[in-house]
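Below is one structure, written out as structure tokens, with a few remarks after it.
Numbering (this note's numbering), first residue to last: 13 to 251.
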């Protein structure tokens, strides 16, 4: 499978003349970070960004502050603002939160899901499978996110859904880091299908088992990206 180049039309996402300029700049920078155009550790230079985006430095400065609040940028003493790196500790914390929340949503959704919702979920997995077939990494990440957001919605707990929504950008970023470094997407389609099947049969235990496997697979994949193979195996052998 050939991956498509990481090209993205950032103007199509937030082309709203009514948005404050700082928000427009923020959205463009946010998407470039999430989609890997701005790399972890890369310096966010106000002058260069302002020139590239065709704006003054003020909205760029304000947008960078907003990125800091989202955890996507960090301000380093005497070094300025940089794209936030993905550390092992951050990864562990984020995936532990995701594992806890999505275990809950999958279990709740399995008990509540309707026929029409299950039909929708299978259709979303078909969209995911099509993105996999095309080898479009950005589209794969987006359709995977949509699939999991639907499950959170079916769970019927607006508080949990709201928490997951606030974590959406960070989850997407970690997910993208995993997806861009692997060609083995077919098992993800299979795991989505297994979740749908568990929902159809009302098997809560099976649904929870699969979602844990799904997230653990992602965690291991990102560890291979962050660390050498021997350290990864050592970590998992201690579990």
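In this text, a Cβ means the ideal position worked out from N, Cα and C, and glycines have one as well.
What did DSSP end up calling residue i once you bin it into helix, strand or coil?
i           : result
residue 93  : strand
residue 86  : strand
residue 215 : coil
Flag this pair as yes or no: are the beta carbons of residue i and residue j separated by less than 8 Å?
i           : j           : result
residue 72  : residue 85  : no
residue 180 : residue 111 : no
residue 137 : residue 205 : yes
residue 98  : residue 186 : yes
residue 216 : residue 123 : yes
residue 93  : residue 37  : no
residue 230 : residue 197 : no
residue 115 : residue 220 : yes
residue 211 : residue 121 : yes
residue 175 : residue 113 : yes
Closer than 7 Å by C-beta to residue i: which residues in its own chain qualify, once you throw out the five before and the five after it? Chain order, please.
i           : result
residue 182 : 83, 106
residue 222 : 203, 206, 207, 210
residue 68  : 62
In the DSSP assignment, the alpha helix (DSSP H) including residue i goes from what residue to what residue?
i           : result
residue 123 : 100-124
residue 162 : 149-166
residue 78  : 69-81
residue 55  : Looking at the DSSP string, residue 55 is not in any alpha helix (DSSP H), and its letter there is neither H nor E.
residue 131 : 127-146
Leaving out five residues before and five after residue i in sequence, what residues of the same chain have Cβ atoms less than 6 Å from its Cβ?
i           : result
residue 145 : none
residue 108 : none
residue 167 : 117, 120, 121
residue 188 : 153
Residues in its own chain within less than 8 Å of residue i by CB, not counting five upstream and five downstream?
i          : result
residue 33 : 67, 71
residue 31 : 39
Are the region 127-136 and the region 86-106 touching by the rule of at least three beta carbon pairs closer than 8 Å? no
Three or more C-beta pairs closer than 8 Å, one from the region 157-165 and one from the region 51-67: is that the case here? no
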